[in-house]
Each structure stands twice: as C-alpha cells, then as structure tokens.
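Those protein sequences? They're chains C and V, same order as listed.
Here full-length UniProt numbering is used: position 254 in the first sequence is 254, and no number is missing along the way.
Here full-length UniProt numbering is used: position 414 in the second sequence is 414, and no number is missing along the way.
A virtual CB, placed ideally from N, CA and C, is assigned to each residue, including glycine.
None of the values given here were measured: they were computed from a predicted structure.
Protein chains: 2
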Amino acid sequence: MEFKISREFIAQIEQLIRDNRAQELENLLQDIHFADIAEIMEELDDYEASYVFKILDSEQTAEALLELDDEVREKILRNLSAKEIAEELDELDTDDAADIIAELPQSKIEEVISELEDVEHAKDIVDLLRYDEHTAGGLMGKELVKVNENWNVLTCVKEMRQQAEHVTRVHSIYVVDDEDRLKGRLSLKDLLTTSTKTPISEVYIKKVDYVKVDTPDVEVARIMQKYDLEAIPVVDEMGCLVGRITIDDIVDVIKEEADKDYQLAAGISQDVEADDSILELTRARLPWLVLALLGGFISVKVLGIFEPAMKAHAELFFFTPLIAAMGGNVGVQSSAIIVQGLANNAITGGVIQRLLKELSLSLLNGLILAAILFAGSYFLLGYEVHIGITVTIALLSVIIIASLNGTFIPIILNKYGIDPALATGPFITTSNDILGILIYFSIAKLILGF
Amino acid sequence: MEFKISREFIAQIEQLIRDNRAQELENLLQDIHFADIAEIMEELDDYEASYVFKILDSEQTAEALLELDDEVREKILRNLSAKEIAEELDELDTDDAADIIAELPQSKIEEVISELEDVEHAKDIVDLLRYDEHTAGGLMGKELVKVNENWNVLTCVKEMRQQAEHVTRVHSIYVVDDEDRLKGRLSLKDLLTTSTKTPISEVYIKKVDYVKVDTPDVEVARIMQKYDLEAIPVVDEMGCLVGRITIDDIVDVIKEEADKDYQLAAGISQDVEADDSILELTRARLPWLVLALLGGFISVKVLGIFEPAMKAHAELFFFTPLIAAMGGNVGVQSSAIIVQGLANNAITGGVIQRLLKELSLSLLNGLILAAILFAGSYFLLGYEVHIGITVTIALLSVIIIASLNGTFIPIILNKYGIDPALATGPFITTSNDILGILIYFSIAKLILGF
C-alpha cells in the first residue's frame with residue numbers, strides 16, 4: 001500500500017517543471033504523503049526541488065521539510081525568504097519548528113521569528129531554542145493539554161476543547177496546580193464517565209512519569225521504552241510543566257544511538273550515510289585508519305625485535321597474521337557485548353564478576369580453537385609438533401588476554417563517563433594486534449628458546 | 001522520577017520472603033510499576049521470583065511477565081499451573097498473550113487456552129498463533145475500534161463506547177464495509193463535531209495506510225517510521241481488517257534489528273546479551289572464530305609460499321600484520337556503511353555508481369595513508385626507500401581492493417535475499433586478510449623480484 005516512486009514518475013515531474021506547468025504539477029502531487037514528497041525532492045536537483053516546494057501548499061511542504069536529508073533541506077531553505085520559511089514553521093509543532101530554525105544561520109533566525117504569524121507559537125519556539133538538542137528540553141514540544149487541579153470536570157472539558165485545537169494528537173491530559181507545577185494526569189475515560197461537577201482533584205491520577213528539561217535524550221528514550229509510554233511530560237527546575245515528548249521523537253533517538261554504536265564498532269566516527277559526500281565520509285573514516293596505521297608501525301617494530309628467530313623458525317612469522325587476527329576478532333566480540341549491554345542497561349553485577357565470566361568463556365572458546373589450530377598445523381599444514389604446541393599456547397593466551405581487554409576497557413571508559421563504544425572497532429583490534437604479536441613471540445621464545 | 005532499585009530494597013524483599021511475610025511484601029510492592037517489578041524479579045532467584053509472582057495481583061504481574069528476560073520468564077511459567085498462566089493472559093492484550101503462549105511447550109498450550117475465561121479473547125489469541133512472529137500478523141493485536149461505513153455517527157459512538165472497553169489505548173477508529181473490508185479511518189475530532197445523524201460514509205477519510213498479515217516486521221517498522229504512524233491496521237488476503245500494530249511493538253523491532261546488525265558486525269551470530277549463559281554466548285561467538293581460524297590457515301599457507309623472499313627481505317614479513325589489518329579495517333568500514341544504508345533504505349543509484357564512489361573514497365583515504373606509511377617506514381622505522389615504495393604501493397592496492405570488496409559483497413548478498421549484515425565483521429576481515437597478504441607479496445615480488 002506504500003507509494004512507490006518510479007523513475008517514470010520523477011521524469012514526469014521533471015518534464016512538468018521544464019515546461020513550467022505548475023498547475024498540472026500541483027494536481028499530480030496533491031494527494032501524495034509528505035514523506036513521499038520528501039523522497040521525491042531528494043531525487044530532484046536544487047532548482048527542481050525548490051520549484052516543487054514553492055508550488056505546493058505549506059501544509060504539505062512543512063512536514064516534508066522535516067523528513068528531508070539535512071543537506072537537501074539546507075539547500076531549499078537557502079532559496080526561501082524569511083517570510084516563506086516562517087509560513088512553513090507556522091504549520092509545524094513547536095519542537096519540529098525549533099529544530100529547523102536551529103539549523104539556520106544566526107542572522108536569518110531573528111528575521112524568520114519576526115515573520116511568524118502566531119505570537120504564542122513564536123514565543124514557544126524561541127523558548128525551545130535555549131535547550132541543548134540532546135536533552136529532554138531539546139526534544140520536547142509545547143503542544144499539550146493541561147488542566148488545573150482546582151477546576152471541575154465541566155470547566156476541564158471546555159478548556160480542553162480549546163487547547164486541543166492546537167494539538168494534533170492528544171496523548172495525555174496533564175494536571176497542574178496554580179503555579180503550573182505538574183501534579184498528575186487525567187484519563188480520558190474517567191473524565192467522560194464522571195459527573196460534570198466533580199472537582200478534578202478527586203479524579204486525577206497522582207502517579208505520573210516525567211523527565212526534567214536537562215535529562216539526556218538517551219535517558220528519556222530508556223525511560224519511555226521501559227515504561228511503554230507514548231508521551232512523557234517535561235518539567236523545569238521548579239517542577240513546572242513546560243512541555244511533552246512523544247514516542248515518534250524517541251524512535252529517532254533510539255535509531256540514532258544504535259546507528260552510532262554500530263558505526264563506531266566499524267571504525268566510523270561521525271554520523272554519516274552512504275549518500276553523504278566523499279569528504280564527509282573521509283572525515284568519518286580516515287582518523288580511525290590513521291590510528292590503525294600507527295598501531296601497525298608498532299607491530300612492525302615488535303616483529304623486528306624478533307628477527308633473530310627467523311633463521312631457525314621462519315614458520316613463526318607465517319602464523320603472525322592468524323594470531324593477530326584472532327586476538328582482534330575475540331576482542332571485538334567481547335567489547336560489542338559489553339557495549340550493547342551498557343547501552344541497554346543490561347549489565348548487572350560488578351567488574352570482577354564480569355571479567356571472571358569472560359575468562360571462563362574465553363577459556364572454553366580458546367581451548368576449542370587451540371585444538372583446531374594444533375590439528376590444523378600438524379595435519380593440514382604439516383608443521384612439527386613443537387611449532388604446533390607453540391602457536392597453540394600462544395593462541396590460547398592471546399584469546400584470553402584479548403577478551404579480558406575487550407571486556408575491561410569499555411567498562412572502564414563507561415565508568416569515567418566516556419562513550420564505551422569508542423573502545424570497539426579499530427581501537428580494540430589494533431591494540432589486540434600488537435598485544436597478540438608480543439605475547440605470541442614471547443611465548444615462542446620461551447618454548448623454542450631462540 | 002524513575003524508581004531506582006537499591007540493594008537494600010532487594011535485601012528487604014528477600015528477608016520478607018524468608019520470613020514468609022506475604023502481606024507485608026504485597027504492601028511493599030503494591031505501587032511499583034510492572035517494569036520495575038520485572039527488574040526486581042530478575043535480581044531474585046527462581047523460588048523468590050515465583051513467590052513474588054504468586055502473591056501479587058495478576059493485573060500487576062501480567063505486564064511484568066512481558067518485560068522479563070526470556071529465561072526468567074520461562075522459569076516462572078514452569079512453576080505456574082495452566083490455570084494460573086491463563087489468569088495472567090486474561091489481563092494482556094491478544095498480541096502479548098499470544099507471544100507468551102508461543103513460548104510454552106506444545107502440551108501446555110492447549111491446556112492454558114482451555115482455561116482462558118473470555119472465550120472471544122481465547123479465540124483471538126489462537127488466531128494470532130498462526131502467524132510467523134516476524135510478520136505483521138505476528139506483531140498485530142486484535143484490540144481495535146472499528147465502525148461500519150453504513151452506520152451513522154450516533155450508532156458509531158454507541159458501538160465505539162462498547163468496543164473501547166476492551167481497548168486500553170484508542171489509536172484510530174477504522175471504517176469497514178459489511179464484509180469487514182478496510183475502507184478508511186475516522187478522526188475522533190470529525191466524529192465529535194458532526195451531527196449525530198450524518199452517515200459515516202460522508203465523514204470518513206478514505207486514505208488509510210495499512211499492511212498485510214504477511215508483510216515482514218522490518219517493512220512494517222520502515223513504513224510506520226516513514227509515515228510517523230502510531231498505529232497501523234493489518235488486513236488479510238481479502239482486504240479484511242484483522243488487527244492493528246502499535247508503535248511500541250515497532251520500537252522493539254527497530255531495536256532488535258539494529259542490535260542484530262551490530263552483533264553481526266562484531267562477529268556474534270545470534271541475539272545474545274551479556275547476561276546470557278556461557279554456553280549460549282559460546283554458540284553465538286565460536287562459529288565466527290572458527291571461520292576466522294580457517295581463514296588464518298589460508299594466510300599461513302600463502303605466507304609459506306613466499307618463504308623464499310625471507311632471506312633477502314625479512315622486513316617484508318614485519319609489515320604483514322599491518323597490511324592485513326588495514327585491509328580488514330577498510331573493508332569493515334565500507335561494508336558497515338552499505339549495510340546500514342540498505343537497512344535504512346538510503347541506498348540510491350546502481351551498483352556501478354556505488355563502486356565508483358567507493359573507489360574515489362578509497363583512493364583519497366589510501367593516498368593519505370600511503371604517504372604516512374612511506375614517511376613512517378623511512379624516517380620512523382628506518383627502512384630503505386625501495387622497501388618503503390613496496391609497502392606503500394601494496395597498502396594502496398589493498399585499501400582499494402578491500403573497500404570495493406566491502407561494498408560489493410553486501411550489495412550482492414542483499415540482491416539475492418541474504419542478510420547483508422552477514423558480510424560484515426569476521427567474514428570481511430578474514431577474507432580481506434588473505435587477499436591483502438596475497439596482493440602485498442605479489443606486488444613485492446614484482447618490485448623486488450625475489
């Protein structure tokens with residue numbers, strides 16, 4: 001049932017733009033969902049996208065604007081006057097409008113705000129601009145339905161009708177006192193089934209989940225997920241109700257957070273997408289590669305130290321990539337499980353306990369792998385037993401150290417408030433590479449005595 | 001405002017259980033949210049958890065049951081009779097009840113169903129059991145509010161009141177024809193502001209997003225995210241309305257999907273958590289390590305072929321881990337970006353275009369890294385220029401090949417319906433390790449001619 005944008009459809013739009021047949025284009029796009037309008041605009045060039053944008057009604061384009069890629073949006077906004085931008089923002093909820101304004105150059109922000117028609121709306125948007133985008137304040141919108149605890153049901157219903165006009169989806173009715181402090185919430189059911197003269201104070205639910213304006217976004221996401229909430233009220237330092245966050249904004253936070261951890265595990269340090277520019281992609285990828293290269297220098301140096309072993313035991317050097325790679329792989333596995341556990345708040349027990357578990361796990365895995373390696377080096381590759389024993393013991397040691405390393409580092413980073421996901425990916429593989437080679441040749445030296 | 005479970009609180013609960021002071025325990029836990037009850041139960045042992053479970057009201061425990069870890073839930077359910085389980089399920093929405101039933105042993109399922117009090121509820125649950133859990137049918141619940149297009153507003157409101165009793169949160173009112181086929185939806189606002197005699201057919205919105213029972217869950221998630229939906233109706237093959245999916249179930253799908261991709265990138269093949277048993281964690285991790293080890297055998301073999309080079313150019317072998325690791329790192333970056341792009345439907349353009357972009361990207365990265373390597377090998381490590389030239393050219397080639405490989409493989413897998421995330425992690429690092437070593441020594445042979 002989803003609308004699929006075909007190449008033919010895009011071609012048709014482009015033709016209509018070339019022929020400047022605005023009315024036909026408008027008719028063609030009239031019934032299309034804003035999310036699809038956004039997708040269409042991303043297929044068009046700057047001029048075409050702006051053309052489409054201008055002929056459509058701001059009711060349709062305002063929401064499409066939100067769905068656009070940052071870059072495309074920026075280009076379109078650059079082609080619009082302050083007044084035109086203000087018209088778009090008038091159609092949006094305060095939180096979405098504030099997000100878009102925040103992306104504008106400082107000089108244009110004031111101009112756009114002065115052009116907003118609804119003064120209340122404008123005040124709310126300005127208020128939202130003060131908050132850090134990664135806090136509850138940065139996520140919240142001002143659109144909500146609230147009633148005073150001193151009212152009765154009848155006054156409530158009247159007031160709510162009026163308030164609801166500005167609110168597209170009513171998630172909850174919040175109850176406040178005369179100072180606007182959040183006291184509780186009201187269920188629509190109770191409101192409809194109680195006599196109109198009943199004071200609100202008798203029917204409202206005093207237990208209400210809320211967050212503060214400075215609660216970090218990931219924390220808000222965790223709470224809303226844990227308690228299955230579709231909306232949560234936000235209060236300021238004084239406990240006054242200042243906004244609400246809805247689940248759709250949280251879905252984005254969850255997605256971004258998961259994507260970020262994934263990218264860090266792959267050695268990508270900024271939030272980039274496959275369609276970003278080569279320069280942006282390089283900025284996100286190169287730093288990790290440089291780090292890995294510098295780590296590589298150390299491994300060259302370490303191997304150089306053991307050059308004397310080459311004459312008697314050249315084969316030791318053939319196993320180096322194998323041992324190093326296994327250390328890297330085990331380390332990434334361990335760190336990924338810990339990082340994900342930390343993100344999902346699923347790590348119980350202390351560090352020691354966790355390391356002991358990882359130790360048993362790596363012993364189990366290590367013994368099985370060591371057995372395969374021993375058999376492989378003897379039967380498959382035809383090396384002598386004492387070489388087999390050397391690489392086997394080295395592999396087991398490397399696996400144990402690498403997995404403890406992969407467990408310990410993220411936990412420690414997290415403890416000191418550093419994102420543990422930084423410890424996954426190239427960082428852990430590179431450090432385990434070096435460590436692995438060092439352990440391997442040290443053990444070889446002990447056993448083979450070169 | 002979130003409830004924090006302290007060690008003291010758990011100790012207090014354990015003491016009350018030991019002393020068998022059920023009434024006091026019940027009072028203590030009475031006002032605690034089900035999500036917190038679930039967390040408390042996970043801190044207790046089997047006996048204690050079951051004890052807590054039995055003294056609490058099923059209204060509170062039923063929802064807690066949903067939040068529990070699979071293992072803990074399984075243990076608790078094993079301690080409950082079919083009748084006790086049925087009591088829990090009576091409190092749950094059909095989709096949640098079906099999820100729990102599906103985990104029971106076959107013999108117990110029928111028993112539990114026969115104990116369900118509400119026959120309609122039981123029928124709905126049985127109906128839901130037919131669907132694959134990774135489709136819209138497996139996600140949907142039967143609780144919804146629907147009205148007939150031939151009714152008038154008054155009949156509607158009456159019917160809705162009755163239906164809404166079984167529905168905790170009304171997300172949308174769906175309109176169906178006499179055959180129960182989905183025709184559209186009704187906005188609560190329109191319903192409340194139209195004269196009671198108006199036929200529904202005049203006020204309902206004919207455009208409604210929907211999915212089919214067999215639509216895959218990730219596709220449902222994508223559609224709901226794209227169109228910002230809080231609920232979506234589900235129709236069967238005949239277009240009849242059979243259920244609805246709400247956003248909270250979709251949040252779980254999004255989270256699981258992201259977690260899965262992340263784990264695959266780290267070489268973990270099943271959905272495991274840090275708190276799972278050592279055996280489960282081994283099952284998820286060992287296969288990838290064995291794969292990497294077998295790949296390692298190949299790299300040993302390849303290096304063995306180039307043994308003759310050792311005499312004249314021992315230093316070539318010192319650079320092997322560096323070259324191999326860089327190939328692995330670059331490959332993982334490329335594949336991660338493609339995998340994430342595919343998951344987010346953000347890959348536009350064809351394969352050739354994508355490969356060309358990756359080629360420019362890797363050329364840019366590669367040239368910078370090659371320059372650093374050349375300088376490093378000469379100034380830092382003190383190797384001769386012709387060695388520097390050799391490793392530099394090898395690094396550049398390996399980076400280009402590895403990044404094309406990392407881009408190409410996920411796209412091809414995806415094309416043939418295989419999860420592209422399988423191509424990330426150990427798979428790509430291992431294959432790039434081998435490829436890297438082969439390329440490196442081949443180039444060295446060409447340049448140095450050993």
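Given that residue i touches chain B, what residues does it touch there, using C-beta distances under 7 angstroms?
{"i": "C:V332", "result": "This model lacks chain B altogether, as its protein chains are C and V."}
Taking its Cβ as the centre, do 16 or more other Cβ atoms sit within 10 Å of residue i, making it buried, or is it exposed?
{"i": "C:M160", "result": "buried"}
{"i": "C:N27", "result": "exposed"}
{"i": "residue 464 of chain V", "result": "The first residue shown for chain V is 1 and the last is 450, placing residue 464 of chain V beyond what the model contains."}
{"i": "C:A375", "result": "exposed"}
{"i": "C:Y47", "result": "exposed"}
{"i": "C:L279", "result": "exposed"}
{"i": "C:V351", "result": "exposed"}
{"i": "C:Y416", "result": "exposed"}
{"i": "C:R354", "result": "buried"}
{"i": "V:I411", "result": "buried"}
{"i": "residue 456 of chain C", "result": "As shown, chain C starts at 1 and ends at 450. That puts residue 456 of chain C outside it, with no answer to give."}
{"i": "C:Q30", "result": "exposed"}
{"i": "C:S360", "result": "exposed"}
{"i": "C:L356", "result": "exposed"}
Thinking C-beta only, is residue j closer than 8 angstroms to residue i?
{"i": "C:D291", "j": "C:T430", "result": "Per the sequence presented here, residue 291 of chain C reads as Leu, with Asp not at that position. Yes, the pair counts as a contact, with Cβ atoms nearer than the cut-off."}
{"i": "C:F317", "j": "V:F317", "result": "yes"}
{"i": "C:Y174", "j": "C:R181", "result": "no"}
{"i": "C:Y380", "j": "V:F297", "result": "First, the amino acid is wrong: residue 380 of chain C is Leu here, not Tyr. Closer than 8 angstroms, so yes."}
{"i": "C:V211", "j": "C:I223", "result": "yes"}
{"i": "C:E67", "j": "V:E230", "result": "no"}
{"i": "C:T215", "j": "C:A136", "result": "yes"}
{"i": "C:I447", "j": "C:I389", "result": "yes"}
{"i": "C:I200", "j": "C:S187", "result": "no"}
{"i": "V:A325", "j": "V:A444", "result": "no"}
{"i": "V:A64", "j": "V:I37", "result": "yes"}
{"i": "C:T196", "j": "C:V153", "result": "yes"}
{"i": "C:L303", "j": "V:S299", "result": "no"}
{"i": "V:M41", "j": "V:A49", "result": "yes"}
{"i": "V:I268", "j": "C:A336", "result": "yes"}
Kindly indicate which three-state DSSP category residue i falls into: helix, strand or coil?
{"i": "C:N345", "result": "coil"}
{"i": "C:K146", "result": "strand"}
{"i": "V:A274", "result": "coil"}
{"i": "V:N329", "result": "helix"}
{"i": "C:L191", "result": "helix"}
{"i": "V:G376", "result": "helix"}
{"i": "C:N152", "result": "strand"}
{"i": "C:G141", "result": "strand"}
{"i": "C:Y383", "result": "coil"}
{"i": "residue 458 of chain V", "result": "Any property of residue 458 of chain V remains undetermined from this structure, which presents chain V solely from 1 to 450."}
{"i": "V:R21", "result": "coil"}
{"i": "C:P105", "result": "coil"}
Return the CA-CA distance between residue i and residue j, expressed in angstroms with no decimal places.
{"i": "C:N365", "j": "C:T392", "result": "13 angstroms"}
{"i": "V:L413", "j": "V:L435", "result": "19 angstroms"}
{"i": "residue 492 of chain C", "j": "V:L438", "result": "There is simply no residue 492 of chain C to check, as chain C begins at 1 and stops at 450 in what is shown."}
{"i": "V:S377", "j": "C:L294", "result": "11 angstroms"}
{"i": "residue 499 of chain V", "j": "V:E143", "result": "Within the shown structure, residues of chain V are numbered from 1 to 450, placing residue 499 of chain V beyond reach of any answer."}
{"i": "V:D127", "j": "V:N345", "result": "32 angstroms"}
{"i": "C:Q162", "j": "V:M140", "result": "35 angstroms"}
{"i": "C:H313", "j": "C:F306", "result": "11 angstroms"}
Whose CA, out of the options, lies closest to the CA of residue i?
{"i": "C:L56", "options": "C:D69, C:I245, C:D70, C:I17", "result": "C:I17"}
{"i": "V:E88", "options": "V:A98, V:S58, V:I278", "result": "V:S58"}
{"i": "V:V52", "options": "V:D90, V:E71, V:Q12", "result": "V:Q12"}
{"i": "C:L342", "options": "C:I247, C:T424, C:K54", "result": "C:T424"}
{"i": "C:S334", "options": "C:K445, C:A371, C:L404", "result": "C:L404"}
{"i": "C:V119", "options": "C:L104, C:A102, C:A86, C:K108", "result": "C:A86"}
{"i": "C:V253", "options": "V:E84, V:D271, V:Q225", "result": "V:Q225"}
{"i": "C:G328", "options": "C:G406, C:V302, C:D276, C:I268", "result": "C:G406"}
{"i": "V:E74", "options": "V:L104, V:D95, V:A82", "result": "V:L104"}
{"i": "C:G331", "options": "C:K301, C:D433, C:V242", "result": "C:D433"}
{"i": "V:D275", "options": "V:A22, V:D19, V:I125, V:V72", "result": "V:V72"}
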